[in-house]
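S.K.: I have a structure here, written as C-alpha coordinates, and I will follow up with some questions on it.
Numbering (the numbering used here), first residue to last: 272 to 397.
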(Lines of atoms letter the chains of each structure in order from A; the text may use other names.)
(Lines give C-alpha, C1' and ligand atoms only; values in the text may rest on other atoms or scores of the structure.)
Protein backbone atom coordinates (compact mmCIF):
# COMPACT_ATOMS: atom_id res chain seq x y z
CA UNK A 272 0.00 0.00 0.00
CA UNK A 273 1.37 3.40 -1.01
CA UNK A 274 0.79 6.13 1.57
CA UNK A 275 0.83 9.70 0.28
CA UNK A 276 1.06 12.95 2.23
CA UNK A 277 0.36 16.56 1.42
CA UNK A 278 -0.64 19.66 3.32
CA UNK A 279 -2.01 23.12 2.81
CA UNK A 280 -4.33 25.80 4.08
CA UNK A 281 -7.21 24.95 1.70
CA UNK A 282 -9.01 28.21 2.48
CA UNK A 283 -12.23 28.93 0.54
CA UNK A 284 -12.09 25.40 -0.88
CA UNK A 285 -12.32 25.64 -4.68
CA UNK A 286 -11.93 23.63 -7.89
CA UNK A 287 -8.14 23.97 -7.81
CA UNK A 288 -8.00 22.37 -4.37
CA UNK A 289 -10.35 19.60 -5.52
CA UNK A 290 -8.28 18.92 -8.67
CA UNK A 291 -5.09 18.83 -6.62
CA UNK A 292 -6.41 16.37 -4.04
CA UNK A 293 -7.99 14.12 -6.69
CA UNK A 294 -4.66 14.01 -8.56
CA UNK A 295 -2.82 13.14 -5.34
CA UNK A 296 -5.33 10.42 -4.51
CA UNK A 297 -4.91 8.81 -7.95
CA UNK A 298 -1.19 8.34 -7.25
CA UNK A 299 -1.44 6.60 -3.88
CA UNK A 300 -3.60 4.11 -2.02
CA UNK A 301 -4.04 6.12 1.18
CA UNK A 302 -3.86 9.91 1.16
CA UNK A 303 -3.10 11.84 4.35
CA UNK A 304 -3.72 15.60 4.28
CA UNK A 305 -2.54 18.08 6.89
CA UNK A 306 -4.75 21.17 6.97
CA UNK A 307 -2.91 24.12 8.48
CA UNK A 308 -4.37 25.35 11.77
CA UNK A 309 -5.95 28.80 11.92
CA UNK A 310 -2.80 30.03 13.69
CA UNK A 311 -0.47 28.61 11.01
CA UNK A 312 -2.68 30.05 8.25
CA UNK A 313 -2.39 33.51 9.82
CA UNK A 314 1.39 33.17 10.09
CA UNK A 315 1.69 32.01 6.47
CA UNK A 316 -0.92 34.25 4.81
CA UNK A 317 -1.47 37.24 7.11
CA UNK A 318 -3.87 38.48 9.77
CA UNK A 319 -6.96 38.40 7.54
CA UNK A 320 -6.64 34.67 6.87
CA UNK A 321 -8.01 32.12 6.98
CA UNK A 322 -11.48 33.09 5.84
CA UNK A 323 -12.86 29.63 6.66
CA UNK A 324 -12.09 28.20 10.10
CA UNK A 325 -10.28 24.90 10.60
CA UNK A 326 -13.44 22.82 11.00
CA UNK A 327 -14.85 24.04 7.67
CA UNK A 328 -11.55 23.45 5.89
CA UNK A 329 -11.15 19.96 7.39
CA UNK A 330 -14.67 19.03 6.33
CA UNK A 331 -14.04 20.19 2.75
CA UNK A 332 -10.72 18.37 2.46
CA UNK A 333 -11.87 15.13 4.10
CA UNK A 334 -14.18 14.37 1.16
CA UNK A 335 -11.12 13.91 -1.11
CA UNK A 336 -8.70 12.00 1.11
CA UNK A 337 -8.49 9.07 3.48
CA UNK A 338 -7.37 11.01 6.54
CA UNK A 339 -7.33 14.76 7.21
CA UNK A 340 -6.00 16.37 10.37
CA UNK A 341 -5.29 19.81 11.80
CA UNK A 342 -1.64 20.57 11.13
CA UNK A 343 -0.12 22.57 13.98
CA UNK A 344 3.55 21.88 13.24
CA UNK A 345 5.75 21.75 10.15
CA UNK A 346 5.27 18.85 7.74
CA UNK A 347 8.49 17.13 8.80
CA UNK A 348 6.90 16.21 12.14
CA UNK A 349 4.02 14.43 10.40
CA UNK A 350 6.24 12.84 7.76
CA UNK A 351 8.20 11.24 10.61
CA UNK A 352 4.95 10.17 12.27
CA UNK A 353 3.10 8.70 9.26
CA UNK A 354 6.06 7.55 7.09
CA UNK A 355 4.48 8.24 3.69
CA UNK A 356 6.16 6.82 0.61
CA UNK A 357 5.15 9.84 -1.48
CA UNK A 358 5.07 13.56 -0.72
CA UNK A 359 2.83 15.67 -2.97
CA UNK A 360 3.31 19.37 -3.67
CA UNK A 361 1.65 21.78 -6.02
CA UNK A 362 3.85 22.97 -8.88
CA UNK A 363 3.47 26.51 -7.50
CA UNK A 364 5.09 25.41 -4.21
CA UNK A 365 8.32 23.76 -5.39
CA UNK A 366 10.53 25.76 -3.02
CA UNK A 367 8.88 24.30 0.10
CA UNK A 368 9.04 20.62 -0.86
CA UNK A 369 10.32 18.04 1.59
CA UNK A 370 12.22 15.04 0.25
CA UNK A 371 10.94 11.61 1.23
CA UNK A 372 13.25 8.94 -0.13
CA UNK A 373 13.55 11.18 -3.21
CA UNK A 374 9.86 10.58 -3.93
CA UNK A 375 8.28 14.01 -4.20
CA UNK A 376 5.60 14.38 -6.86
CA UNK A 377 4.63 17.81 -8.14
CA UNK A 378 1.00 18.16 -9.14
CA UNK A 379 0.14 20.71 -11.87
CA UNK A 380 -1.47 23.92 -10.68
CA UNK A 381 -5.05 24.60 -11.82
CA UNK A 382 -4.81 27.85 -13.77
CA UNK A 383 -7.44 30.53 -13.35
CA UNK A 384 -8.51 29.81 -9.79
CA UNK A 385 -6.90 30.54 -6.43
CA UNK A 386 -7.99 31.55 -2.96
CA UNK A 387 -6.30 34.93 -3.44
CA UNK A 388 -8.29 35.45 -6.64
CA UNK A 389 -11.55 34.52 -4.88
CA UNK A 390 -10.80 36.93 -2.03
CA UNK A 391 -10.04 39.71 -4.54
CA UNK A 392 -13.31 39.06 -6.36
CA UNK A 393 -15.24 39.15 -3.07
CA UNK A 394 -13.58 42.45 -2.18
CA UNK A 395 -14.49 43.95 -5.56
CA UNK A 396 -18.10 42.75 -5.30
CA UNK A 397 -18.61 44.14 -1.79
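Every residue, glycine too, gets a C-beta built ideally from N, C-alpha and C. Since the structure is predicted, the reported quantities are computational estimates derived from the model, not experimental observations.
(1) Short of 7 Å in beta carbon distance, which residues of its chain neighbour residue 329, apart from the five on each side in sequence? Order them along the chain.
(2) Helix or strand or just coil, what does DSSP make of residue 302?
(3) Would DSSP call residue 351 helix, strand or coil?
(4) With residue 311 as the anchor, note down where its alpha helix (DSSP H) starts and where it stops.
(5) Between which two residues does the alpha helix (DSSP H) holding residue 297 run?
(6) State yes or no: is the C-beta of residue 332 nearer than 7 Å to some heavy atom of the ligand ADP?
(7) My output table needs one value for residue 328: the three-state DSSP class, helix, strand or coil.
(8) Under the rule that 16 or more other beta-carbon atoms within 10 Å means buried, what is residue 347, buried or exposed?
M.R.: Quick look at the numbers:
(1) Locating residue 329 in the chain shown gives position 58, where the first residue counts as 1. Answer for residue 329: 306, 339 and 341, listed in chain order.
(2) Counting from 1 along the chain shown, the entry for residue 302 is found at position 31. Residue state, collapsed to three classes: strand.
(3) In the chain shown, residue 351 corresponds to position 80, counting from 1. Helix at residue 351.
(4) In the chain shown, the residue the question calls residue 311 occupies position 40. Where residue 311 is concerned, the enclosing alpha helix (DSSP H) stretches over 309 to 316.
(5) The residue given as residue 297 occupies position 26 in the chain shown. That run of the alpha helix (DSSP H) goes 286 to 297.
(6) Only the bare structure without any ligand can be found here, which leaves the ligand ADP out of the picture.
(7) Stepping through the chain shown from its first residue, residue 328 is reached at position 57. Residue 328 falls in the helix class under three-state DSSP.
(8) Residue 347 sits at position 76 when you count from the first residue of the chain shown. It is exposed - the Cβ of residue 347 has fewer than 16 other Cβ atoms within 10 Å.
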